[in-house]
Structure formats: C-alpha cells, structure tokens
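Numbering (the working numbering), first residue to last: 299 to 552. Worksheet: one structure, shown below.
So this is what it looks like as structure tokens:
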C-alpha cells in the first residue's frame, strides 16, 4: 500500500502547478501577443487583399487584350483605327467588342449597372470646383463577364480615319480649379489627339473598393496601342503593387 501511495504522490507532483506561470504572467503574455497581432494583422490582411486584386487584374487585363487583338485580327485591320470605323454608332462598335467576350449581362450607355456608379481616382483630384473628383462611367457601354469582372467601353466616332479628333477641355489654374471666363462660364482649350476610345476594367465587378489603381483601371485606345489613363497597370500585374490612396469622394480637395 505504501508503494502505491508513493506512486500516487509522484504522479500528482508531475502535474504540480508550483512551477507554472502565474496568472499575472499569463495575462502579460496574452497582452503582448494581442499587441503584436493588432500591429501585424491589418498589414497581413491588406497584403492578402492586394494580392487577390492583383491576380484578378492580371486575368481581366489579359481577357481585355485578347478580345481587342482578336477583334483587330478578324477585321483584318493593321491597327486599332481599322476596327473603330467612324461611320458606325457607339452601340454598334461596343456590341462588336463585347462579342469577343464571355458576357452574362450588358448595360447600355446612359444607364447604370454592370459597374459602380462612380470610381475614385488613384488619389484625390480637384474636380475644378474645389471638391474631390470621381469618374462616372454612366455614359459608357458596360458588361459583366462570366468570371464576375466588368468592362466598359466608350468608342469615339465622327473623327478622322486615324481616330484623330479635337477635344475641348476646361482651363485650370495651378490648384486644379477651373478658370472663369468672366461671363459666367469657364475658359476652354482645344487639343487634337488620336484616340479611338476609352476603356475601363473592374477586376472584381461591383465589389469595392471601386477605385482606380485598386480594383479598376482605365485606358485610352489610340490607333497604335492601349495606353494607361489615370492608372499604371504595370505595377499591379508585374510588381503586384497597387498604387492608390483612399479619399472621401466629394469632400473638400486639399
């Protein structure tokens, strides 16, 4: 009996709490872990979200380029001006472009849907009246693709044979505010540019953040290439680096 009592005592000694952490030590350790998690977790989550958006952007951009190149090839055109035939309507040209994509829904120009109703620029930009500007894609012909991404196109028509056209812009001062013409309006200037149209892609469709440089990218279609417009997609698809700074849409521009 004595032998068994010694074994019992030895057993309980092995699980004695005399050498364990005190409650205070445990709480301090948990507090340190909590502080470290609070410092690192947001960064890890942000990096993960950025990587997901970068991968989605690569896929959507590749889909866009393949559609444009196939359209050009089947039209037998030497450059993009050969597919943006100036005698066609914007809707006709948009529908031709959409025919090279796997689409589940189309939203005509002048209507909402398929894309967010507004997109922030990569960083705050003066709208000419001292407020933070946004891009409104309502006038674009838009579509949702089978993978959930969205595209929008605005073909330019009534230009010359090389997609050249005259654009009228408002004159701005050094702060980006429109310059008054002294007659209740604003000064304007004309500029000639070879632009066949503009494109927008949104890698995750109607989901946020709906900001250029994050999940959305915009392009100018010239007669020779698809060029960055407001955004730099190379950093997203090559470096997996999203270049955008969030801001309050419609807030005061600083």
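Note that beta-carbon positions come from the ideal geometry of N, C-alpha and C, so glycine has one too. Note that the coordinates shown come from a computational prediction; the quantities given were computed from them, not determined experimentally.
query                                                                                                               : result
Beta carbon of residue 530 nearer than 8 Å to that of residue 521                                                   : no
Beta bridge counterpart(s) of residue 488 as assigned by DSSP                                                       : 466
Residues near residue 497 by beta carbon distance below 6 Å, same chain, minus five either side                     : 451, 517
Same chain only: Cβ atoms within 8 Å of residue 408, ignoring 5 sequence neighbours per side                        : 436, 437
Reduced DSSP secondary structure (H/G/I, E/B, other) of residue 510                                                 : strand
Where residue 511 falls, given that 16 or more other Cβ within 10 Å makes a residue buried                          : buried
Inter-residue spacing [alpha-carbon to alpha-carbon] between residue 403 and residue 444                            : 9 Å
Residue 421 and residue 535 closer than 8 Å at C-beta                                                               : no
C-alpha distance - residue 388 paired with residue 331, whole-angstrom precision                                    : 58 Å
Per-residue burial, residue 427 [other beta carbons within 10 Å of its own, 16 or more giving buried]               : exposed
Residue interval of the alpha helix (DSSP H) (run including residue 535)                                            : 531–535
Bounding residues of the alpha helix (DSSP H) (the contiguous stretch that carries residue 391)                     : 388–396
Residue range of the unbroken beta strand (DSSP E) whose run includes residue 405                                   : 401–405
Extent of the continuous beta strand (DSSP E) to which residue 440 belongs                                          : 439–443
CA-to-CA distance, residue 372 to residue 547, given in whole angstroms                                             : 42 Å
Alpha-carbon to alpha-carbon, residue 363 and residue 469                                                           : 34 Å
Host beta strand (DSSP E) of residue 431 (start-end)                                                                : Residue 431 -> no beta strand (DSSP E), and no H or E assigned at all.
Three-state secondary structure (DSSP) of residue 347                                                               : helix
Proximity to residue 494 [Cα-Cα], best of 519, 448, 390                                                             : 519
Counted within 10 angstroms of its Cβ, other Cβ atoms place residue 500 as buried (16 or more) or exposed           : buried
Alpha-carbon spacing of residue 368 relative to residue 524, whole angstroms                                        : 14 Å
Buried or exposed (CB count within 10 angstroms, at least 16 for buried), residue 395                               : buried
Residue 515 classed as buried or exposed, judged by whether at least 16 other C-beta atoms fall within 10 angstroms : buried
Collapsed DSSP secondary structure at residue 329 in the structure displayed                                        : helix
Closest residue to residue 476 among 390, 429, 380 (Cα-Cα distance)                                                 : 429
Backbone secondary structure at residue 417 - three-state DSSP                                                      : strand
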